[in-house]
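Q: This note's numbering numbers the first residue of the sequence shown as 73 and each following residue consecutively. The structure that follows is given in the form of structure tokens.
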Amino acid sequence: MAKKMSSLVRKILSEVGRNEMLSWGYRIEK
């Protein structure tokens, strides 16, 4: 159960992290 949750959280974090990095990179470029 915990293992499944951690994998799900990691998947969500990786998706969010990618979007965050893109938005941050865009903001830094400006």
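Glycine residues also receive a C-beta, built at the ideal position from the N, C-alpha and C atoms. Since we're looking at a predicted model, the values are computed, not measured.
For a test of the three-state rule: what should DSSP assign to Met93, helix, strand or coil?
A: Helix.
Q: Tell me the rounded alpha-carbon separation between Arg99 and Asn91.
A: If you take the alpha carbons of Arg99 and Asn91, they lie about 12 Å apart.
Q: Straight-line CA distance for Gly97 to Lys75?
A: Cα-Cα distance, rounded: 32 Å.
Q: Using DSSP with H/G/I as helix, E/B as strand and the rest coil, what is Met77?
A: If DSSP states are grouped into helix, strand and coil, Met77 belongs with the helices.
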